[in-house]
Amino acid sequence: MIDLKLFVAPNTCARVATIALEEIGVPFETSLVRTAANQQKSPEFLKINPKGKVPTLLIDGAPLTENVAILTWLADTFPDAKLLPAANDKMESLKQTADLAFFAGSVHPIVTRIAMPMKIIADAAQSFEIVRPAGVKDMDSVMKMIDARLEAGPWWYGEDWSIVDAYLYWVWARITGVGYDGSAFPNIQRHFALNKERPAVQRAMAREDVNIEILKSENLFMAPR
Numbered sequence: 435m436i437d438l439k440l441f442v443a444p445n446t447c448a449r450v451a452t453i454a455l456e457e458i459g460v461p462f463e464t465s466l467v468r469t470a471a472n473q474q475k476s477p478e479f480l481k482i483n484p485k486g487k488v489p490t491l492l493i494d495g496a497p498l499t500e501n502v503a504i505l506t507w508l509a510d511t512f513p514d515a516k517l518l519p520a521a522n523d524k525m526e527s528l529k530q531t532a533d534l535a536f537f538a539g540s541v542h543p544i545v546t547r548i549a550m551p552m553k554i555i556a557d558a559a560q561s562f563e564i565v566r567p568a569g570v571k572d573m574d575s576v577m578k579m580i581d582a583r584l585e586a587g588p589w590w591y592g593e594d595w596s597i598v599d600a601y602l603y604w605v606w607a608r609i610t611g612v613g614y615d616g617s618a619f620p621n622i623q624r625h626f627a628l629n630k631e632r633p634a635v636q637r638a639m640a641r642e643d644v645n646i647e648i649l650k651s652e653n654l655f656m657a658p659r
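Residues in the sequence shown are numbered from 435 upward in steps of one, following this note's numbering.
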């Protein structure tokens, strides 16, 4: 049996990898990284992931970083979990990688501008007055495209759930959690509600809730705003 340990932090995109592991159903451990205390920049964590980020997945002690790589490895290693549709050829497989990369490389940075604009401009007033509105405008364009795609079926690939849907679930939760108005996108709202009903998503969120309570007890929880 493969030994799996996932380094996580609440509200981060590590939730996507947690959902994937819960969908697979294999035993795995999560390790809370206290980002409010800059634990991700500690010498101990940097030895595991020099990038200083979550998620990081230890596979029999060997670290794998970046969600696209982690999710692709999980899909390839546990094909019975059907984290991605079966690809008929290399091009189909590459298109699936492109879908994951779209969320990780194109959508995620917009999430940061909306949910954590102070990462872009340190001045709090300017970050919320300049960065967030620009992020909202760009996100509106992205969500219009995604909402249109979901018109054809409940999930990204139609009738079958995939880890791309887990990524969209995290994006939607993160931006609406800080006040993003998603009322113009009914298909994404439906998609989010369907995701919340999945047992694996519920188990992943239960793990995250435990970590939130730990951080609250240590005065290290930063609520979305």
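All C-beta atoms, glycine included, are put in the ideal place defined by N, C-alpha and C.
Owing to the predicted nature of the structure, the values given are computational and were not obtained by experimental measurement.
Around the Cβ of ASP533, a 10 Å sphere holds 16 or more other Cβ atoms; the residue is buried. Take PRO444, set aside five residues on each side of it, and the residues of its chain with a beta-carbon closer than 6 Å to its own are GLU642, ASN645, ILE646, in chain order. When the Cα atoms are used, ALA607 and TRP507 turn out to be separated by approximately 25 Å.
Closest option to ILE504, judged by alpha-carbon separation, among ASN629, CYS447, ARG632: CYS447. Residue range 477–482 is occupied by the alpha helix (DSSP H) that includes PHE479. Per DSSP, the continuous alpha helix (DSSP H) segment holding PHE626 begins and ends at 620–630.
Collapsing the DSSP output to three states places ILE648 in a helix.
The beta-carbon distance between MET573 and ILE609, rounded to whole angstroms, is 6 Å. This is short enough to meet the 8 Å contact definition. About 13 Å separates the Cβ atoms of VAL612 and PRO567, ruling out a contact at the 8 Å cut-off. When DSSP reads this structure, VAL442 sits in a beta bridge with LEU466. Taking C-beta atoms under 8 Å as the contact rule, ALA470 and LEU628 fail to qualify, at a distance of about 32 Å. In the DSSP assignment, the residues bridged to LEU491 are LEU440, LEU498.
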